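Engineer: In our numbering, the protein residues as written are 84 to 478.
(1) Among 419, 96 and 416, which has the Cα closest to the Cα of residue 126?
(2) If you draw a straight line from the alpha carbon of residue 473 to that of residue 187, how long is it in whole angstroms?
(3) Return the residue from the list 382, 238 and 373 that minimises the CA-CA distance to residue 356.
(4) Grab me the residues of residue 236's own chain with a C-beta within less than 8 Å of its C-beta, minus the 5 sequence neighbours each way, in chain order.
(5) Taking the continuous beta strand (DSSP E) assigned at residue 345, which residues delimit it?
(6) Starting from residue 259, follow the beta strand (DSSP E) in both directions and report where the run begins and ends.
(7) DSSP three-state call for residue 138: helix, strand or coil?
(8) How big is the Cα-Cα spacing for residue 435 and residue 230?
(9) Should residue 250 and residue 169 be called a contact, given that it needs their Cβ atoms to be closer than 8 Å?
(10) With DSSP as the reference, label residue 103 as helix, strand or coil.
(11) Counting contacts by CB-CB distance shorter than 8 Å, is residue 371 in contact with chain D?
(12) For residue 426 versus residue 299, is the C-beta spacing smaller than 8 Å?
(13) Could you say if the segment 260 to 270 and the segment 388 to 395 meet the contact criterion of at least three C-beta pairs nearer than 8 Å?
(14) Considering only residues of the same chain and omitting the five flanking positions on each side of residue 134, which have a CB-CB separation below 6 Å?
(15) Curious, which full-length beta strand (DSSP E) runs of at least 3 residues does the segment 265 to 347 contain?
(16) Exposed or buried, what is residue 277 when buried is set at 16 or more other beta-carbons lying within 10 Å of its beta-carbon?
(17) Let me know if residue 244 comes out buried or exposed under the rule of 16 or more other beta-carbons within 10 Å of its beta-carbon.
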């Protein structure tokens, strides 16, 4: 059995990368069985401490801002019986400018390395470009969760295409509870429910949906827009609840108090799946078109919810064949028309639900776990000289 060291943040830290890594680990364990030899190299901020990890031998805490600790951790991995290191890369979780300290770990590492890039730029610039280029060169395989990222990496860094593997962002299956029962329990009965979830922060485009909502409500009076999730911890440190308060003031000013529900708390996995299963329409109105990966979009599609979204990178890739559901950011009239049209037409919602469900079936975590396990086996075999390439690229 291949022994894996995951490099990432990890629960109880509340961030998308931590949740992703936990689910990936569980999905891999579900495929090949749990391994006592696996380790999680957990990035943590010293202000938060490592108490959650230090007493469990499965966790090797790595203080993100301590540069010397990166090479020391690589030495620890080199001296262990780990077979493959799996790096979840996002610039912001590592120390140094643009997370440059992770290069010290990679340079000192002599084990096979598989890197998942959670951010890929069409035209990378400093300080991100040289860091990502070095990580790509040092990796034995690169995983991307968006097919468009493949030509970006090939063109920007000259990465051989056969080194890059597309594996979709993992997603859960729908709740097994009866949907009518779920809707009743969550207070959705008799309402047409739109949902946005995730850690609240500026740049999510929520204001643009609120701007379109009065027109939607005129057409579909039973509309309810649920904005689910607590404020992002880093945002809360910087500005408290200023953004949430601005949204609440906007809701009141637009006369939407009966049509918007802001749920200010952290949503666990099970509750989140319930909300997704029970809603009528999922909304991701992000203004940034370069967003290559969205975990919230992946979850909604995995659960089989119809989605209305701006055409950012991940939405364009994942929702191929559903282009009618992609609307320009800030085009209030277009959003008002499409949201009202869908919420008023149950048959259309059902058609889109079926189409999205077919896409989502390929993203469920057990399938994603199988693809990771197969890739790790090929990487280890390639290191031993048993195969020439690590894998094929999915298009």
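Using N, Cα and C, we set each Cβ at its ideal position, and we do this for glycine too.
Model, not experiment: these values are computed from the prediction.
Structural biologist: Inspection of the coordinates gives the following:
(1) 96
(2) 25 Å
(3) 382
(4) 200, 203, 219, 225, 227, 242 and 247
(5) 343 to 346
(6) Counting along the chain, residue 259 falls outside any beta strand (DSSP E), and DSSP gives it neither H nor E.
(7) coil
(8) 22 Å
(9) Contact: no.
(10) Assigned with DSSP and collapsed to three states, residue 103 falls in helix.
(11) No chain D is part of this structure, which consists of one protein chain only.
(12) yes
(13) no
(14) none
(15) 275 to 280, 306 to 311 and 343 to 346
(16) buried
(17) exposed
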